[in-house]
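Some notes on the structure that comes next.
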Amino acid sequence: MAKESVDSGLTWEVRANSRHYHKHKQKKSFLSIRWGRYADNVLRSYKYSPLTFLPLTLFEQFQRVANLYFLLMVVLQCVPAISSIPWYITIIPLLSVLSVRGLKDLASDMARRRSDLKINSRPCDILISQRFSTAQWKDLCVGDVLRICKDQVIPADLLLLSSSEPHSLCYVETADIDGETNLKYRQALSETHNELTSHPSEETLAAFDGVVLCEEPNNRLYTFRGQLLWRGQSFLLDKEHILLRGTVLRNTEFAYGLTIYTGTDTKILRNCGKLRVKKTRTEKVFNKVVLGIVLSVMLAALLLAIGSGVFSSLVMSRTEVLSSLVVNGNPVYTGFLVFWSYIILLSPAMPIALYITFEVIHTVHSKFIGWDLEMFWQQADRPAQARNTSLNEELGQVGYLLSDKTGTLTQNCLLFRQCCVAGEIYGDASVRAEDMKPMDLSWNSFSCGGLYMSAPGLVEKLRGQQCALSRQFVTALSLCHTVMAEWKEDAPVYQAASPDEEALVGAARELGWVFLSRTRDFIVVSELGVTRQYQLLALLDFTSKRRRMSILVREPEGGLKLYCKGADIVILERLQKDCPYQERIERSLELFAQACLRTLCVAVRSVPEASWEQWSKTLAKSAAMTTCDCDTMLERLYDEMERELQLLGVTAIEDRLQEGVPETIDLLQQAGIKVWVLTGDKKETAVNIGYSCKLLDPDTRLLEWQELRQILQSPDPGVSFFKARQTDMWAEDRGTTGSKTAVILTGPELAEFDQRPEWGASFMSLAEQCQAVLCCRVTPGQKADIVTLVRKHTKSVTMSIGDGANDVNMIKTAHVGVGIAGVEGGQAVLSADFALSQFRFLQRLLLVHGRWSYRRISLFLRYFLFKTCGFALVHIWFGCFNGFSAQSLYETWFIAFYTVFYTAAPIMCVAFFEQDVSAESSLMWPKLYNVGQKQELSSPRMLFLSLLYAVYTSLVLFFVPFGVFHDTAFDFQTMAVTVAMAAMFTANIEIVLLTRFWTKFNIAAVCVSVVLFFICTRITHNSRLFERAPSDYYFLGVSDRAFIDPVVWLTALLTAWTAVLPSMTALALNIILSVHDSHKVHSVPHQPVELRSKLIRGTSLRRSSYALSQGAVPGRLITSGTSIRSTVPTVDEIVTASKNPTDSNGQMMDNKTPKLHFKTV
Amino acid sequence: MVKEVKELVNRPDNTAYTQQRLPAWQPMLSAGIVIPGFVSIGLVFIGIGVALFVTSQSIQVLEIDYTGVEQSSPCFKCSDQTGKKCDCVMNFDIDSLFKGPVFFYYGLSNYFQNQRKYSVSIDYNQLTGDLDYFTNPDDACFPFQNDRNKPIVPCGAIANSMFNDTFQLFQLVNGQKKEVPLDGKGIAWWTDYNTKYRNPSVTPLRNAFNGTVKPPSWPQAAYELDTEDTSNNGFINQDFLVWMRTAALPDFRKLYRRITEGDYASGLPAGNYSLEIVYNYPVLSFDGRKKVVFSNVSWMGGKNEFLGIAYLVIGSLCVLMSIVMLIVYAKFKFPEED
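Chain order of the listed sequences is A and B. Residue numbering for the first sequence follows this note's numbering, starting at 21 and increasing by one per position. Residue numbering for the second sequence follows this note's numbering, starting at 47 and increasing by one per position.
So, in structure tokens, the structure goes:
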């Protein structure tokens, strides 16, 4: 047996109730050596322990090349032979950088620890020594038997053993896993059900000694393979028997499960992806530039060192006063030492202050996001939150937005908004649901609110018994569904597999047709207070192919009626001829579709007794056939029955979008962001949402998999794609068809990409031209794969947005992850980089904060490069005139203060406050966002230009004073002060040219910087400091003379002006040319949103989505009677032994379930 | 209508700063501001340039190279004698009055006083007169720290290499040599003389130097630098101070004396002059040059043509650029109006 299971890949062995056995093999680790097989159920997302914090954080920080570089600098500066700058100039900044960073990491790790602890200490009931005792999640162990109570979150992947419900059914909500809000059914093996529920459960459960053999832990959410060996027998297990961690038990008092996978072995955690350190694109480019600078500095140092060697052998040896200074008389050795001296001297070209300033700016930008009142959601008292404070500029460069649907775009709440009965349209969807004045439904004792449709006319007709059609319409709504009713406090509470159905049945209830309960054979409905019982003859289930469902009932009066609801296309082709009001109903369908409502057609048919009998016989026969033929046979039979329908009306359901979603998507698309929707939900639902949130226009051509595959398989996908678009029936001219194509994919289809990796690139190039891409029925893992696909094949920045645990993986995978916190706060937020409360806040996050951040940070980086390189590279040129001796042209204090006091504040102010256009204009002109997407401000070219400019500046900074001071009586120190003054002026003039937004802080910062230069210089040239430490303050008295010397001033001004002249000219030319440009921009009329979504008359825009999520399963369960409670409280029960003809195929039919009859009142 | 729902604890502050609505001045620059701006800045620069150039032109400068490279030079005989005392005389004429006060510089070229090893070879503590550092000079002075286990005072390469040529200037009046009085006072910086360099407070000064040796290249000890004026000795000797203030670039001048006294207070009258040089300082070995420079000064100090020309060039460049901008502007503006 064991060998077989190894062969079939079932190698994961779980023994029920043998804690000791599994505990022994639990995974453990010590110093990154791991052993053991079974993970424990403890969530560990933290990184540090008290012992490992210091080494780990140092290790991590010194992985940054910059930090390592500065450490090297400090070490070098401690060597007296080469120290061209004192050691304390570098070590203080380095220490502060390390400690600030370390403390920040520690704080975020503590936060992770706290949230872990919260999850790990959730309670659960574990069976220990024949009794269930409350323990915490972290105590759970593989092989434990658990009791899950109603509405509890399931702590690990369990094998369902039995539950409180008949047949050990149980319902789970999987919203956190796949984003679907409807309930799913899970059922225990009938063997375990029978054995474990027949006796007092705790003892039998404790005695349960089955062994589960299954697959190794994996991330496939929708499959499970395994077998249970128990009492010498082997039972096959599949996903129907498994309760996954993270799902919630609903509508079931309690369920018992055997723990199979715990902790990191669970499917949801396997789907979570790794926590990756995210780096922004700008940072990456910048790091390369920094690396380039370091290499160039080394090269320069090398050349200078060679020069030094030559100089010391040629000149110094002959100069009596210098010859004794050649170290050991060896020019090569002198050159070697000078190399390192130059490395130190040129190191300010890449200042350590850059990285710390960079982080400060990021933090302030993140604060701005949190402070923004426009992104504060009053209802939940929750501001936006930047959890990762280093990705701000990435927000200004997003090219692809990959969004979850449920909970992100939609509110996850379906409302019955309109209907059309007998040609009359009721309700008005143009009024927002909140603004709706509720109808007076006080006559209806079952009314519980929640109907956002004002249709007094309909109510009047229904109550006045005037209109048979409308009565039938509501009857159809209350009968034709698979909803379960649960009684709570004398009122039925509906539990539906599909939220659409729940909305429909709920609406019928408000209108007076209250679905009370159902048994296998009967449906009880209170029609305007009159309880009527319909005998359920057949349920013709929904499949995605049929796109309709029907119910065949015998009315209390004895007539047979078939009620059918389904997608308009299927229903309309099955109507009897000359259906009344058909035309008007069809027009209403179009109206509803325009309003982006989900429509369903409702129809009825009276079935003659004779044909029913004939049909049911055939049905029974075909159901007994082998499965393959059975399905086609059933379908043909169903089709036969659903003919000659009489159209009753149309329902229109609003899948409520989050506030402002269509506007946001429209704005983002105008900004050039590609919006993709990735959802675990059904295709129909996704497409409908696509229309209602303006992602798809009514005339958008939908490209589905079959077609797409042909295009991808063709030798030249681009050409085929173009052809495919040309066949577009709504295409008026080529220009408009370009963006009007959308790709719809589903999960299984996406899986094909795994086998055909070469499709990725061509798919992405097609997708680039499409208006939108919708991916439906995708697993969390696939969502992440799609993000990876986009990342791999485009250079754009990707952003993922979602709210549930199923989005965690894609949020982690994308460049930027956004979590929607929503009403109750979401799972996704914990791993997201940014947390928003509403989808619409994306507008501001991207177009305002992102754009500003990108601009500010780009300006900051370029300016920083310019000012530090410009100032440090002077030493290269000076080296040529001082015997390549690594002599500094500046006072050491100036080097230390330059980046901190003289130039830091103004650029910080720019990086904090700069706004090229206001927030309102940013939103008004989404096109402005393109600058970031194209990386126009931070491209390697721009950075290179900044560097070039810096080199020019350094040349000017040296050679203009050189010209002035050459062969004069001015001494070295005066020249040092002059060059320093020029460098300071240059840096400050440049920032004045950069700043467009002069707040009082900017003005103060520039003034303070300039004044600080004079103050600090006076201080370090002070006699009192000199007396304390003569060798540190030997510039004594220089500024006394230099600051009153006109030549010094004139030289500094000339140098500074010459240095900024290129930038000044560029700015001036820019202004002259942009006057023209901006005029152009303003003269182009703004394209109104309405133009794009305008309907084209005369074309069928009808769309209907009939989205019942569970496929055929609920129908099967209903007809087989397994899910029906044995007691229904309010109705008298008369047990009769009536025979149900549809039961012939119900292997699961349970004889114990009482058959119910109801008195017809 | 009191609708105070609940306390909004997390509501961000509504301040100009947090909402990024700080009042700000956004200069709306246009061609109408930029081009005239460029022109006016250019004109200002040209103005300064003209002023500098004119000033510079009015300054008289007389340079005499006495290195003795050419055989015709009177100092040729001294140029090969390294370190030995040698006298030579340079005669020169002045055509018109050399306006006073005349500054007398010596100049060295290809002399790397800014070499790092050289320029750090100094002990500031010792030079402030701290006796602790007399016995124990700083390591930076190496290899001019100790001489045969005796500390060198003043230590270091800068001090050791002090310029030691001396000059005497005579006017030849009717074949008679008339000495031009040279003023050696106050040629050093005030701060150097009063704060940075101090003699130890020991009298007589030479006692402070007990147990120390003079720098190897020096002919006499520090306390004997000026034999005529005893107060001009030790570390506050004016020539020493001038030398210790190192030059920025390999070609430099240093102030030697001023001519401010007697008949020459208003300048050097036209006539024949004779400069008697005590030639001690060797420069030819490293291809260096020595010269003496007579110059008068203006508000901008010595003659400096570069600065004026540079101002003129940059100023003209600005004006030129504004013309280019005007053309560009016209090109972009007018087609639109067609």
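Every residue, glycine too, gets a C-beta built ideally from N, C-alpha and C. Everything numeric in this text was worked out from a predicted model, so none of it was measured.
Strictly under 8 Å for the Cβ-Cβ distance: is residue i near chain A by that measure?
i	result
Pro58/B	yes
Phe378/B	yes
Trp264/B	no
Leu366/B	no
Pro197/B	no
Residues in the same chain with beta-carbon distance under 6 Å from residue i, minus the five sequence neighbours each way, listed in chain order, please.
i	result
Phe1046/A	Tyr1053 and Leu1056
Leu374/A	Phe884
Trp284/A	Before going further, note that residue 284/A is Thr rather than Trp in the sequence given. Hits under 6 Å: Ala59.
Leu591/A	For clarity, residue 591/A is Ile in the given sequence; the question names Leu instead. Correct list, in chain order: Cys621 and Ala623.
Val793/A	Trp696, Val763 and Ala787
Glu351/B	Ser102
Can you check whether the CB of residue j is closer than 8 Å to the CB of residue i?
i	j	result
Val550/A	Tyr583/A	no
Phe255/B	Ala268/B	yes
Ser362/B	Gly88/B	yes
Leu180/A	Gly252/A	no
Cys796/A	Trp696/A	no
Asp1060/A	Thr237/B	yes
Thr282/A	Cys161/A	yes
Ser254/A	His213/A	no
Phe880/A	Gln935/A	no
Ser76/B	Ile806/A	no
Val534/A	Ser546/A	yes
Ile650/A	Ser570/A	Before going further, note that residue 650/A is Cys rather than Ile in the sequence given. No, the pair does not count as a contact, with Cβ atoms beyond the cut-off.
Does any C-beta atom of chain B lie closer than 8 Å to the C-beta of residue i?
i	result
Ala1088/A	yes
Ala906/A	yes
His986/A	yes
Leu393/A	yes
Ile1092/A	yes
Val99/A	no
When the Cα of residue i is compared with those of the options, which residue comes out closest?
i	options	result
Phe891/A	Met370/A, Thr267/A and Val1058/A	Met370/A
Ala449/A	Ser938/A, Leu88/A, Ala615/A and Val817/A	Ala615/A
Gly202/B	Lys196/B, Glu53/B, Ala186/B and Asp211/B	Ala186/B
Leu366/B	Pro296/B, Pro58/B, Ile92/B and Tyr243/B	Ile92/B
Trp507/A	Leu489/A, Ser537/A, Val681/A and Leu499/A	Ser537/A
Gln993/A	Leu289/A, Met962/A and Gln907/A	Gln907/A
Asp59/B	Gln935/A, Asp401/A and Ala227/A	Asp401/A
Val343/B	Tyr325/B, Ser320/B, Val135/B and Gly313/B	Gly313/B
Thr258/B	Leu271/B, Leu215/B and Asn192/B	Asn192/B
Quick one: what's got a C-beta closer than 7 Å to residue i's C-beta in the same chain, skipping five residues either side?
i	result
Ala1072/A	Thr998, Met1001, Ala1002 and Phe1005
Cys433/A	Arg676
Ile673/A	Leu434, Leu435, Phe436, Arg437, Asp520, Ala523, Leu617 and Arg618
Quick one: what's got a C-beta closer than 8 Å to residue i's C-beta in the same chain, skipping five residues either side?
i	result
Asn1022/A	Pro926, Cys929, Val930, Phe933 and Thr1015
- request: Using a Cβ-Cβ cut-off of less than 9 Å, list which residues of the segment 143 to 169 of chain B approach chain A; keep chain order.
  value: Phe149, Tyr151, Gly153, Ser155, Asn156, Tyr157, Phe158, Gln159, Asn160, Gln161, Arg162, Lys163, Tyr164, Ser165, Val166, Ser167, Ile168 and Asp169
task: Using a Cβ-Cβ cut-off of less than 7 Å, give me the residues of the segment 874 to 902 of chain A that come near chain B, in sequence order.
output: Phe901 and Asn902
- request: Please list the residues of the segment 234 to 245 of chain B that have a C-beta atom closer than 8 Å to any C-beta atom in chain A, keeping them in chain order.
  value: Trp235, Trp236, Thr237, Asp238, Thr241 and Lys242
message: Closer than 7 Å between beta carbons: that is the criterion. Which residues of the segment 103 to 133 of chain B meet it against chain A?
response: none
task: Please list the residues of the segment 441 to 456 of chain A that have a C-beta atom closer than 9 Å to any C-beta atom in chain B, keeping them in chain order.
output: none
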